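First the structure, in the form of structure tokens, and then the observations on it.
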Amino acid sequence: MSAAPLHRILLAFCALALLSVGLVAPAWAQDPPRDRSERGRGQERQETPRQESRARGQDSLADSVRRFERARGDRVLSAERMQADGRDVNRIKAMDERGRVRAYVDDPQGRGGQPPRRERSRDGDD
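Now the structure itself:
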């Protein structure tokens, strides 16, 4: 065998190796990072206390909206969690039957079965 065909075979093999690495590298780079504690175990990740409290907060917000819709029947425009007097409360903005937008505050921690109370308006038009 002469040196020229061997040289071409070696060159073709190197080109094929570089091409295969070039095709696999982007897919490997897009793999999500793995947590070191999960490596090789296949266990589900435990939620942190902050994630658990956020999930509970979203549940209480959804519960507040459902209670509000059942009690009042107004159209809910938005709902958000906020701090008031050091407590987490839910503020619900809704449109009443006359087309006015009203804001209601629901305290899911201090509920005693009463519907959400309305915030005072700034313009004194109550």
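Add 13 to a position in the sequence shown, counting from 1, and you land on the number used in this note's numbering. Every residue gets a Cβ at the ideal spot worked out from N, C-alpha and C, and that includes glycine. Predicted, not measured: the structure shown is a model, and the values here were computed from it.
Express the C-alpha separation of residue j and residue i in angstroms, rounding to a whole number.
| i | j | result |
| --- | --- | --- |
| Arg83 | Ile105 | 13 Å |
| Ala30 | His20 | 15 Å |
| Met95 | Asp101 | 6 Å |
Assign residue i to buried or exposed, taking buried as 16 or more other Cβ atoms, counted over all protein chains shown, within 10 Å of its Cβ.
| i | result |
| --- | --- |
| Arg172 | Examination of residue 172 is not possible in this model, given that the chain is present from 14 through 139 alone. |
| Ala75 | exposed |
| Phe26 | exposed |
| Ala107 | buried |
| Ser33 | exposed |
Under a three-way DSSP split, which group does residue i fall into?
| i | result |
| --- | --- |
| Asp76 | helix |
| Arg100 | strand |
| Arg115 | strand |
How is the beta strand (DSSP E) around residue i delimited, first residue to last?
| i | result |
| --- | --- |
| Gln96 | Arg88 to Ala97 |
Strictly under 9 Å for the Cβ-Cβ distance: is residue i near chain C by that measure?
| i | result |
| --- | --- |
| Arg85 | Looking at the structure shown, chain C is missing, and only one protein chain is on hand. |
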